(Lines of atoms letter the chains of each structure in order from A and count residues from 1; the text may use other names and numbers.)
(Lines give C-alpha, C1' and ligand atoms only; values in the text may rest on other atoms or scores of the structure.)
Protein backbone atom coordinates (compact mmCIF):
# COMPACT_ATOMS: atom_id res chain seq x y z
CA UNK A 1 0.00 0.00 0.00
CA UNK A 2 1.23 3.46 -0.76
CA UNK A 3 2.60 5.82 1.90
CA UNK A 4 -0.39 8.13 1.51
CA UNK A 5 -2.99 5.37 1.27
CA UNK A 6 -4.27 3.36 -1.63
CA UNK A 7 -2.68 0.40 -3.35
CA UNK A 8 0.40 0.47 -5.55
CA UNK A 9 1.84 -2.42 -7.56
CA UNK A 10 4.92 -2.55 -9.81
CA UNK A 11 2.70 -4.23 -12.42
CA UNK A 12 0.61 -1.38 -13.87
CA UNK A 13 -1.98 -3.84 -15.21
CA UNK A 14 -2.60 -5.45 -11.81
CA UNK A 15 -6.18 -5.49 -10.59
CA UNK A 16 -6.93 -4.43 -7.02
CA UNK A 17 -8.44 -6.23 -4.10
CA UNK A 18 -8.11 -6.94 -0.39
CA UNK A 19 -7.21 -9.97 1.67
CA UNK A 20 -9.01 -9.79 5.02
CA UNK A 21 -6.49 -11.14 7.55
CA UNK A 22 -8.18 -10.19 10.83
CA UNK A 23 -11.39 -8.96 12.37
CA UNK A 24 -12.86 -8.07 15.70
CA UNK A 25 -16.44 -7.47 16.77
CA UNK A 26 -17.54 -11.05 16.19
CA UNK A 27 -19.16 -11.24 19.64
CA UNK A 28 -21.09 -8.01 19.05
CA UNK A 29 -22.26 -8.61 15.48
CA UNK A 30 -21.11 -10.05 12.17
CA UNK A 31 -18.91 -8.92 9.31
CA UNK A 32 -20.52 -9.87 6.01
CA UNK A 33 -19.51 -9.68 2.36
CA UNK A 34 -21.31 -9.80 -0.97
CA UNK A 35 -19.90 -10.55 -4.42
CA UNK A 36 -23.19 -9.89 -6.25
CA UNK A 37 -23.90 -6.25 -5.54
CA UNK A 38 -25.60 -6.89 -2.19
CA UNK A 39 -28.24 -9.31 -3.47
CA UNK A 40 -27.01 -11.88 -0.94
CA UNK A 41 -24.60 -11.66 1.99
CA UNK A 42 -22.24 -14.20 3.57
CA UNK A 43 -20.79 -14.01 7.07
CA UNK A 44 -17.03 -13.59 7.21
CA UNK A 45 -15.75 -16.62 9.11
CA UNK A 46 -12.42 -17.04 10.88
CA UNK A 47 -9.71 -14.91 9.31
CA UNK A 48 -5.95 -14.73 9.65
CA UNK A 49 -2.88 -14.96 7.45
CA UNK A 50 -3.47 -18.69 6.98
CA UNK A 51 -7.11 -18.21 5.97
CA UNK A 52 -7.48 -14.78 4.38
CA UNK A 53 -10.75 -13.85 2.66
CA UNK A 54 -10.14 -12.34 -0.79
CA UNK A 55 -12.40 -9.50 -1.91
CA UNK A 56 -12.05 -7.78 -5.28
CA UNK A 57 -12.22 -4.03 -5.68
CA UNK A 58 -15.10 -3.96 -8.16
CA UNK A 59 -18.67 -2.72 -8.51
CA UNK A 60 -20.22 -5.96 -7.20
CA UNK A 61 -18.15 -6.65 -4.08
CA UNK A 62 -19.10 -5.15 -0.74
CA UNK A 63 -18.36 -5.61 2.96
CA UNK A 64 -20.47 -4.53 5.91
CA UNK A 65 -20.79 -4.94 9.65
CA UNK A 66 -24.18 -5.93 11.09
CA UNK A 67 -24.17 -5.16 14.83
CA UNK A 68 -26.22 -7.02 17.40
CA UNK A 69 -29.22 -5.06 18.65
CA UNK A 70 -28.14 -2.39 21.12
CA UNK A 71 -24.40 -2.61 20.39
CA UNK A 72 -22.44 0.63 20.27
CA UNK A 73 -18.69 0.81 19.82
CA UNK A 74 -15.90 0.47 17.29
CA UNK A 75 -15.01 -2.64 15.30
CA UNK A 76 -12.22 -3.26 12.79
CA UNK A 77 -10.93 -5.49 10.05
CA UNK A 78 -7.27 -5.95 9.15
CA UNK A 79 -6.39 -6.32 5.49
CA UNK A 80 -3.51 -6.46 3.07
CA UNK A 81 -3.61 -5.57 -0.63
CA UNK A 82 -4.24 -8.41 -3.11
CA UNK A 83 -3.33 -7.93 -6.79
CA UNK A 84 -5.82 -10.55 -8.05
CA UNK A 85 -3.14 -12.35 -10.09
CA UNK A 86 -4.15 -15.62 -8.39
CA UNK A 87 -7.42 -17.04 -7.00
CA UNK A 88 -10.97 -15.77 -7.28
CA UNK A 89 -13.07 -13.18 -5.51
CA UNK A 90 -14.56 -14.66 -2.33
CA UNK A 91 -11.88 -17.36 -1.97
CA UNK A 92 -10.20 -18.18 1.33
CA UNK A 93 -6.45 -18.72 0.93
CA UNK A 94 -3.16 -18.74 2.84
CA UNK A 95 -1.72 -15.21 2.69
CA UNK A 96 1.15 -15.91 5.06
CA UNK A 97 3.78 -15.24 2.39
CA UNK A 98 3.57 -11.57 1.45
CA UNK A 99 5.61 -9.12 -0.59
CA UNK A 100 7.94 -9.69 -3.52
CA UNK A 101 6.38 -11.79 -6.27
CA UNK A 102 3.41 -12.89 -4.12
CA UNK A 103 -0.05 -11.44 -4.85
CA UNK A 104 -0.14 -9.83 -1.37
CA UNK A 105 1.43 -6.64 -0.06
CA UNK A 106 3.88 -6.75 2.82
CA UNK A 107 2.05 -3.98 4.66
CA UNK A 108 -1.39 -4.24 6.16
CA UNK A 109 -3.89 -1.70 7.39
CA UNK A 110 -7.03 -1.48 9.52
CA UNK A 111 -10.48 -0.26 8.58
CA UNK A 112 -12.68 0.73 11.49
CA UNK A 113 -16.33 1.57 11.84
CA UNK A 114 -18.02 3.14 14.86
CA UNK A 115 -21.61 2.22 15.62
CA UNK A 116 -23.52 4.81 17.65
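Numbering (our numbering), first residue to last: 346 to 461.
Glycine residues also receive a C-beta, built at the ideal position from the N, C-alpha and C atoms.
Fair warning: this is a prediction, and the values are worked out from it, not measured in the lab.
Can you name the start and end residues of the beta strand (DSSP E) that residue i belongs to?
{"i": "residue 456", "result": "449–460"}
With a threshold of 6 Å on Cβ separation, who are the neighbours of residue i within its own chain once the five nearest residues in sequence on each side are excluded?
{"i": "residue 456", "result": "422"}
{"i": "residue 408", "result": "378"}
{"i": "residue 448", "result": "427, 428, 430 and 431"}
Under 7 Å between the Cβ atoms of residue i and residue j?
{"i": "residue 367", "j": "residue 427", "result": "no"}
{"i": "residue 412", "j": "residue 460", "result": "yes"}
{"i": "residue 396", "j": "residue 437", "result": "yes"}
{"i": "residue 391", "j": "residue 398", "result": "no"}
{"i": "residue 441", "j": "residue 402", "result": "no"}
{"i": "residue 365", "j": "residue 424", "result": "yes"}
Going by beta carbon distance, what residues of the same chain come within less than 7 Å of residue i, once the five residues before and after it are set aside?
{"i": "residue 405", "result": "380, 381 and 382"}
{"i": "residue 416", "result": "373, 374 and 460"}
{"i": "residue 446", "result": "none"}
Among the options, which one has its Cα closest to the Cα of residue i?
{"i": "residue 386", "options": "410, 441 and 451", "result": "410"}
{"i": "residue 374", "options": "444, 432, 454 and 414", "result": "414"}
{"i": "residue 418", "options": "356, 370 and 355", "result": "370"}
{"i": "residue 432", "options": "400, 452 and 420", "result": "400"}
{"i": "residue 376", "options": "420, 435, 434 and 443", "result": "420"}
For residue i, which residues in the same chain have their Cβ closer than 8 Å to its Cβ, ignoring the five residues on either side in sequence?
{"i": "residue 439", "result": "394, 395, 396 and 397"}
{"i": "residue 359", "result": "428, 429 and 430"}
Within the stretch 366–442, note down every full alpha helix (DSSP H) run reaching 4 residues or more, in order along the chain.
none
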